[in-house]
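Enquirer: In my numbering, the protein residues as written are 3 to 249.
Pasting a structure below so you can have a look.
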């Protein structure tokens, strides 16, 4: 099936696939420079169809086949994209499943639309990574390059080297979720691999300690990496989503 497109109020064209079924709608929020054709998104779509569950996956602006260039977008833009998709393409309760940067997006969504969320699952959630990961790891030369030229190139274990722009850093600071109270009034299941070199176990523990949530559980999976997409990990994701749907 061909992707459909949603035009946002900001003029961005967001590609998506929506599977009809019973609610709540499971909404997959992908990671940085990932797209809706990734292993986890497609696996959950097959799982949702098999059980008659409504499911939605999409590409943020600057990702996949949505509009705009990655270098021209940032956390706040992707938050606006997420809100547009949720507000215009879903009704009633939703279950966001956020992977890596999508975990940060899921938490921003929880702050903006708490009444819509039945439960949430995060996979190697990376809240505040622009500040605590990128900016905190930059040396003086990189910080100077960012200020002077507006961008820095960084290597990655999980993708091609990518560009970090000054706008990404500055915008990220306006969307931090681990500095102020974070109330999550719904069941939350967090999955984290111990062999993840992109998001540390310490980040997962920091989120667990910081959030106010009556039903929050963190599962650490020995030797699982950041992709968290081998058969055993995919089953764990299914189980976590099933659990929060049933509560």
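Where a beta carbon is used, it is the ideal one built from N, C-alpha and C, also for glycine.
It should be emphasised that the depicted structure is a prediction, and the values quoted were computed from it without experimental measurement.
Among 5, 183, 26, which residue has its Cα nearest to the Cα of residue 99?
Expert: Position 97 of the chain shown, counted from the start, is the residue given in the question as residue 99. Of the candidates 5, 183, 26, the one whose C-alpha sits nearest the C-alpha of residue 99 is 26.
Enquirer: Check whether the stretch 173–193 and the stretch 217–230 touch, using three or more Cβ-Cβ pairs below 8 angstroms as the test.
Expert: Yes, they touch.
Enquirer: Taking all protein chains shown into account, decide if residue 166 is buried (16 or more other Cβ within 10 angstroms of its Cβ) or exposed.
Expert: Sequence index remark: in the chain shown, residue 166 carries index 164 (1-based). Classification for residue 166: buried.
Enquirer: Who are the Cβ neighbours of residue 7 in its own chain at under 6 angstroms, not counting the five residues just before and after it?
Expert: Within the chain shown, numbered from 1, the residue matching residue 7 stands at position 5. Closer than 6 angstroms at the Cβ level, and outside the excluded window around residue 7, lie 15, 17.
Enquirer: Since residue 8 is in the beta strand (DSSP E), which residue starts that stretch and which ends it?
Expert: As a first step, residue 8 is located in the chain shown; it is residue number 6 there, counting from the start. Segment 6–9, the beta strand (DSSP E) holding residue 8.
Enquirer: On the three-state DSSP scale, how would you describe residue 24?
Expert: Numbered from its first residue, the chain shown carries residue 24 at position 22. Three-state DSSP puts residue 24 in a strand.
Enquirer: Inspect the beta-carbon positions of residue 180 and residue 214 and report whether they are closer than 8 angstroms.
Expert: Counting from one through the chain shown, the residue named residue 180 turns up at place 178. Counting from one through the chain shown, the residue named residue 214 turns up at place 212. No. Outside cutoff.
Enquirer: Express the C-alpha separation of residue 102 and residue 127 in angstroms, rounding to a whole number.
Expert: Taking the chain shown and counting its residues from 1, the one referred to as residue 127 is at position 125. Taking the chain shown and counting its residues from 1, the one referred to as residue 102 is at position 100. Residue 127 and residue 102: Cα-Cα distance of roughly 4 angstroms.
Enquirer: Enumerate, from N- to C-terminal direction, the unbroken alpha helix (DSSP H) stretches of 4 or more residues contained entirely within the stretch 142–194.
Expert: Counting only runs of 4 or more, we get 142–151, 168–175.
Enquirer: Thinking residue 246 and residue 113 are a contact (beta carbons under 8 angstroms), I'd like their distance in whole angstroms, please.
Expert: Here residue 246 refers to the residue found at position 244 when the chain shown is read from its first residue. Here residue 113 refers to the residue found at position 111 when the chain shown is read from its first residue. Actually they do not touch by this definition, with Cβ atoms about 18 angstroms apart.
Enquirer: Of all the options 21, 83, 72, 239, which has the alpha carbon lying nearest to the alpha carbon of residue 13?
Expert: In the chain shown, counting from the first residue as 1, residue 13 sits at position 11. Checked all of 21, 83, 72, 239; the closest Cα to residue 13 is 83.
Enquirer: Alpha carbons only, please: which of 174, 42, 11 is nearest the one belonging to residue 235?
Expert: One-based indexing of the chain shown puts residue 235 at position 233. When only C-alpha atoms are compared, the closest one is 42.
Enquirer: Counting beta carbon pairs with one atom in the stretch 203–214 and one in the stretch 141–156, are three or more of them shorter than 8 angstroms?
Expert: At 8 angstroms Cβ cutoff, the stretches do not touch.
Enquirer: Taking DSSP as the reference, what is the three-state secondary structure of residue 248?
Expert: If you number the chain shown from 1, residue 248 lands on position 246. Three-state DSSP puts residue 248 in a helix.
Enquirer: Express the C-alpha separation of residue 74 and residue 155 in angstroms, rounding to a whole number.
Expert: On the chain shown, position 153 is the one that residue 155 refers to. On the chain shown, position 72 is the one that residue 74 refers to. Rounded to whole angstroms, residue 155 to residue 74 spans 14 angstroms at the Cα level.
Enquirer: Would you report the Cα separation of residue 171 and residue 87, rounded to the nearest angstrom?
Expert: The count along the chain shown starts at 1 and reaches residue 171 at position 169. The count along the chain shown starts at 1 and reaches residue 87 at position 85. Near 24 angstroms, if we compare the C-alpha coordinates of residue 87 and residue 171.
Enquirer: Got a sec, what are the start and stop residues for the beta strand (DSSP E) residue 218 sits in?
Expert: Position 216 of the chain shown, counted from the start, is the residue given in the question as residue 218. First-last of the beta strand (DSSP E) with residue 218: 218–223.
Enquirer: Classify residue 64: buried if its beta carbon has 16 or more other beta carbons within 10 angstroms, exposed otherwise.
Expert: Along the chain shown, read from residue 1 onward, the residue named residue 64 stands at position 62. Looking at its Cβ environment, which holds 16 or more other Cβ atoms inside 10 Å, residue 64 is buried.
Enquirer: I think residue 228 touches residue 77, with their Cβ atoms under 8 angstroms apart; what is that distance to the nearest whole Å?
Expert: Translated into the one-based positions of the chain shown, residue 228 becomes position 226. Translated into the one-based positions of the chain shown, residue 77 becomes position 75. Residue 228 to residue 77, Cβ: 19 angstroms. No contact.
Enquirer: Can you check which of these residues, 46, 115, 137, 135, is closest to residue 187 by C-alpha distance?
Expert: Locating residue 187 in the chain shown gives position 185, counting from the first residue. Residue 187 has its Cα closest to that of 115, out of 46, 115, 137, 135.
Enquirer: Can you tell me whether residue 51 is buried or exposed? The criterion is at least 16 other CB atoms within 10 Å of its CB, across all chains shown.
Expert: Within the chain shown, numbered from 1, the residue matching residue 51 stands at position 49. The residue in question, residue 51, is exposed, as its Cβ has fewer than 16 Cβ neighbours within 10 Å.
Enquirer: Roughly how many whole angstroms lie between the Cα atoms of residue 89 and residue 204?
Expert: If you number the chain shown from 1, residue 89 lands on position 87. If you number the chain shown from 1, residue 204 lands on position 202. Cα to Cα, the separation comes out at about 33 angstroms.
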